[in-house]
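In our numbering, the protein residues as written are 77 to 729.
Glycine residues also receive a C-beta, built at the ideal position from the N, C-alpha and C atoms.
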Amino acid sequence: MPRWFFCNHIVPFLVFVALISVLHAQNSSGPQPVPLPPPVPTPVDQAYAGTLSLQVDLTNVNDRVLNVRETIPVKPGPITLLYPEWLPGTHSPSNPVAYLAGLVITANGQRVPWMRDHVNMWAFHVDVPKGATSLELSFQYLAPIRPQQGRISSKIADLTWNSVLLYPAGYFARRIEFSPELRLPDGWKFATALDVKSQNADQVQFKDVPLNTLIDSPLYAGVNFKRIDLSTGPDNPVFLDVFADKPEQLEITPDELQFHKNLVVQAQKLFHSHHYDHYDFLFSLSDTVGGKGLEHHQSSEDGTRANYFIDWSAGVAGRALLPHEYTHSWNGKFRRPADLWTANFNEPMRNSLLWVYEGLTDYYGNVLTARSGMRTPEQSRDTFARIAASFEISPGRTWRSLEDTTNQPIISAHAAPESWPSWQRWYDYYPESDLIWLDADTKIRQLSNGQKSLDDFAKMFFGIDNGSYVTVTYTLEDLLKALNSVQPYDWAEFFRTRVFQVAPQVPENGITQGGYRLVYNDTEPDWMKHVDHSRGMSFSTSLGLLVRGEGPNEGAGSAGAILQVWWNSPAYKAGITPDMQIQAVDDQAFSFATLREAILAAEKNNMPIKLLLKREKDFITVTLDYHGGLRYPHLERVESTPDRLDEVLAPVK
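Next comes the structure, spelled out in structure tokens:
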């Protein structure tokens with residue numbers, strides 16, 4: 077066959093056949109998606125018929141198992157029961173349905189089948205048989221067993237009602253009534269914002285309560301308990317309900333008591349209102365249950381180290397826990413961003429204003445910590461210095477806006493911890509907002525010649541409807557309007573450039589307007605010398621490392637484990653990663669002291685710092701050509717500028 081025949085006839089024919097084949101493949105029938113199941117009923121604002129009975133048995137604390145029985149009034153026909161998924165305060169679908177086990181449903185003594193929704197794992201479908209007027213449910217909540225992972229031990233228990241109930245879909249949470257009952261271990265005491273109807277030994281019956289209030293009213297129980305009265309008067313009852321591993325950990329000194337009383341006084345002077353019948357700090361001091369900080373309207377779940385009272389000087393860094401959660405009674409519970417309010421606990425939340433909900437709360441929490449005396453003025457200034465320094469070494473702000481970090485609770489709700497939080501940005505809407513709101517506070521003071529401050533905004537925005545705890549939602553427009561009422565300014569542009577835009581520059585205007593500047597030196601703050609570093613000592617502003625020590629709560633041989641490496645830091649550039657462990661520093665066995673001495677020595681000579689590292693079975697030697705010293709951050713007074721920061725931190729007379 078001549079070549080010209082092949083080229084002129086056969087090739088075009090083959091191209092034509094290939095084209096037809098492609099078109100045929102595109103038009104042929106292939107796999108199609110299976111239709112999704114019907115959606116869970118949308119909640120409506122109408123009352124559910126009847127009261128749900130809930131009995132929780134807390135006596136099996138040894139196995140960390142809570143046994144639950146629940147009675148739900150029903151009518152024959154299909155019903156969907158929901159296990160709470162989206163939890164206020166966590167801002168995410170964080171309630172672990174995997175911990176629910178042993179679910180059995182009966183009606184009239186006969187077992188009734190249930191089926192989990194194939195898309196929504198928190199929804200259970202039940203076909204109520206004819207003649208049935210109620211469903212009887214029994215199941216267990218299997219709390220984590222390992223120390224520090226869960227909230228139940230042999231001495232202390234944190235009962236969150238969202239973990240131990242199912243509720244009918246299709247109704248607002250505030251329109252579903254519950255009658256809760258609790259059985260405690262023998263001799264245990266308890267505290268909660270719920271009102272008690274009756275108590276017979278270890279059996280406690282609470283007054284009927286709507287579902288939204290029930291889930292917003294957790295209960296602490298334990299062997300060692302003390303209730304401390306912090307009330308400013310009969311019209312403002314506030315209590316510190318302390319549960320501890322050991323009785324001696326409950327002892328509070330007169331000075332410590334006064335600091336906590338001052339907190340309530342200063343909060344009232346800041347907000348000029350309260351939005352609770354009574355407020356309970358549910359406070360665990362423990363090395364066996366994990367720490368916690370979660371806000372509720374008339375209480376808060378708080379947990380910290382066991383030596384909170386008996387070694388007061390060691391806790392400066394975490395001292396803002398109670399002030400932060402108390403502030404949430406006003407910001408977050410009474411007043412809440414509109415897109416964070418949902419009809420029930422299985423409707424998705426949106427977090428666009430977390431830089432107000434959490435960020436402004438964090439700012440007020442740090443301010444109240446200073447004003448109450450829980451931190452000294454110097455310790456409070458160090459707090460702001462450390463926040464600013466942390467962002468000077470965290471380059472994630474060069475690609476991700478602060479506003480986008482408000483999505484982080486949802487993004488990471490079921491994900492592994494971030495490997496590079498200084499680059500990924502993690503939960504920056506907390507600490508960076510401290511700097512932004514300090515900027516706003518000092519700007520108001522500057523523009524008004526000291527006549528106004530962010531305190532005036534707090535009174536205007538959160539002080540309305542004194543005594544009411546019916547939630548009032550707010551939008552960004554509401555926020556801007558209130559700020560302009562206090563002090564006219566282009567607040568929309570202020571927040572646009574600091575919150576919504578990618579902003580590489582650290583927002584330190586509040587520090588400079590406050591009369592200070594950020595500096596670094598080798599002088600360790602006195603309060604840091606008392607801190608227990610067994611869970612980590614930060615060399616973030618020098619080498620770019622967070623390193624674990626060895627202490628009673630850590631495993632043997634854990635000293636030197638690298639917990640975090642800062643992006644683009646000297647450690648990062650040397651190839652150090654968070655899965656390594658420091659074995660030796662300059663040919664000496666690792667300790668915090670040897671690492672500190674090596675950093676100080678390198679500051680005075682040109683010798684690099686040599687680290688022997690271990691990753692799994694491999695040993696790796698790296699050298700760090702770093703000579704900048706320890707670089708502890710401090711705020712240094714600028715005498716030519718009014719000391720507005722000290723005015724912010726001073727107690728209100």
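Who are the near neighbours of VAL714 in its chain, counting only those whose CB is closer than 8 Å to its CB and skipping five residues on each side? If we look at VAL714 and ignore the five residues flanking it on each side, its Cβ neighbours are THR588, GLY591, TYR592 and ARG593.
Within 10 angstroms of the Cβ of HIS85, are there 16 or more other Cβ atoms? Answer buried if so, exposed if not. Since pLDDT at HIS85 reaches only 48, below the 50 mark, its modelled position is unreliable, and the value read off the structure follows with that caveat. Per the 10 Å Cβ criterion, exposed.
Starting from ASP517, trace the alpha helix (DSSP H) in both directions and tell me its first and last residue. Note, ASP517: alpha helix (DSSP H), 507-523.
Where does the unbroken alpha helix (DSSP H) through HIS201 begin, and where does it stop? Under the DSSP assignment, HIS201 falls outside any alpha helix (DSSP H), being part of the beta strand (DSSP E) whose first and last residues are 199-204.
Three-pair Cβ contact test at 8 Å for the stretch 569-581 versus the stretch 476-486: Judged by Cβ distances under 8 Å, the stretch 569-581 makes contact with the stretch 476-486, as three or more pairs qualify.
Only counting the same chain, and skipping five residues up and downstream in sequence, which positions put a Cβ closer than 6 Å to that of ILE652? Here ILE652 has VAL641 as same chain residues with Cβ atoms under 6 Å from its own Cβ, once five neighbours each way along the sequence are excluded.
Taking Cβ positions, are ASP378 and PHE357 nearer each other than 8 Å? Against a cut-off of 8 Å, the Cβ pair of PHE357 and ASP378 comes out as a contact.
Name the two residues that bound the continuous alpha helix (DSSP H) containing GLY435. Segment 435-447, the alpha helix (DSSP H) holding GLY435.
What did DSSP end up calling GLU712 once you bin it into helix, strand or coil? Strand, per DSSP.
Cutoff 7 Å; reference THR482; Cβ partners in own chain excluding five residues on either side: Taking C-beta separations shorter than 7 Å and ignoring five residues to either side along the sequence, the partners of THR482 in its chain run ASN427, SER428, LEU430, TRP431 and TYR505, following chain order.
Just the Cα atoms here: how many angstroms apart are LYS729 and LEU339? Each residue's alpha carbon lies about 13 Å from the other.
Can you tell me whether MET656 is helix, strand or coil according to DSSP? In the structure shown, MET656 sits in coil (DSSP, three-state: anything other than H, G, I, E or B).
Considering Cα atoms alone, identify which of SER470, PHE538 and SER716 is closest to GLY620. The candidate whose alpha carbon is nearest that of GLY620 is SER470.
Going by the beta-carbon positions, is the gap between LEU158 and GLU146 smaller than 8 Å? Result no, Cβ atoms of LEU158 and GLU146 do not sit closer than 8 Å.
Reduced DSSP secondary structure (H/G/I, E/B, other) of PHE570: Helix, per DSSP.
Classify PRO115 as buried or exposed, calling it buried when 16 or more other Cβ atoms lie within 10 Å of its own Cβ. Label assigned to PRO115: exposed.
Length of the line joining the Cα atoms of GLN181 and LEU241: The sequence as given places Ile at residue 181; Gln does not occur at that position. The alpha-carbon atoms of ILE181 and LEU241 are separated by roughly 13 Å.
Which same chain residues, not among the five before or five after TYR545, have their C-beta less than 8 Å away from its C-beta? Excluding sequence neighbours, TYR545 sits near HIS351, TYR352, ASP353, HIS373, GLN374, LYS409 and PHE410.
Hey, how far is the Cα of LEU689 from the Cα of GLY394? Rounded to the nearest angstrom, the two C-alpha atoms are 31 Å apart.
Three-state class that DSSP yields for GLU494 in the structure shown: Of the three classes helix, strand and coil, the one that applies to GLU494 here is coil, per DSSP.
Measure the Cβ-Cβ separation of ILE658 and LEU687 and say whether it is below 8 Å. Yes, the pair counts as a contact, with Cβ atoms nearer than the cut-off.
Buried or exposed by the 16-neighbour rule on C-beta atoms within 10 Å, applied to GLN275: Looking at its Cβ environment, which holds fewer than 16 other Cβ atoms inside 10 Å, GLN275 is exposed.
Express the C-alpha separation of TRP162 and ASN171 in angstroms, rounding to a whole number. Between the alpha carbons of ASN171 and TRP162 lies a distance of about 7 Å.
Does the distance from the CB of VAL595 to the CB of HIS703 come in under 8 Å? It is not a contact, given that the beta carbons lie outside the stated cut-off.
Bridge partner(s) assigned by DSSP for PHE215: In DSSP, PHE215 forms a bridge with VAL144.
With MET191 as the anchor, note down where its beta strand (DSSP E) starts and where it stops. Run containing MET191: 190-192, per the beta strand (DSSP E) assignment.
Going by beta-carbon coordinates alone, are ASP234 and SER360 separated by less than 8 Å? Yes. Within cutoff.
THR356, DSSP secondary structure in three states: According to the sequence displayed, residue 356 carries Asp and not Thr. Collapsing the DSSP output to three states places ASP356 in a strand.
If you draw a straight line from the alpha carbon of LEU501 to that of ARG473, how long is it in whole angstroms? A small fix is needed here, since residue 501 is Arg in this sequence, not Leu. Approximately 7 Å between the Cα atoms of the pair.
Since GLY391 and TYR384 should fall inside the 8 Å C-beta cutoff, what is the C-beta to C-beta distance between them, to a whole number of angstroms? Contact holds; Cβ gap of about 6 Å.
Helix, strand or coil for GLN527 per DSSP? Three-state DSSP puts GLN527 in coil, outside helix and strand.
Residues near GLY153 in its chain [Cβ-Cβ closer than 8 Å; skip 5 each side]: Only residues of its own chain outside the window of five on either side were considered, and among them ASP203 and VAL204 have a CB closer than 8 Å to the CB of GLY153, listed in chain order.
GLU253 bridges to which residues according to DSSP? GLU253 is bridged by DSSP to THR127 and PRO286.
Output needed for THR127: all residues of its chain with C-beta closer than 8 Å, excluding positions within five of it in sequence on either side, in chain order. Within the same chain, THR127 has close Cβ partners PRO149, GLU253, PHE254, SER255 and ASP284.
So what's TYR596 in DSSP terms, helix, strand or just coil? Here TYR596 sits in strand by DSSP.
Exposure label - ARG303; buried when at least 16 CB within 10 Å: Exposed, because fewer than 16 other Cβ atoms sit within 10 Å of the Cβ of ARG303.
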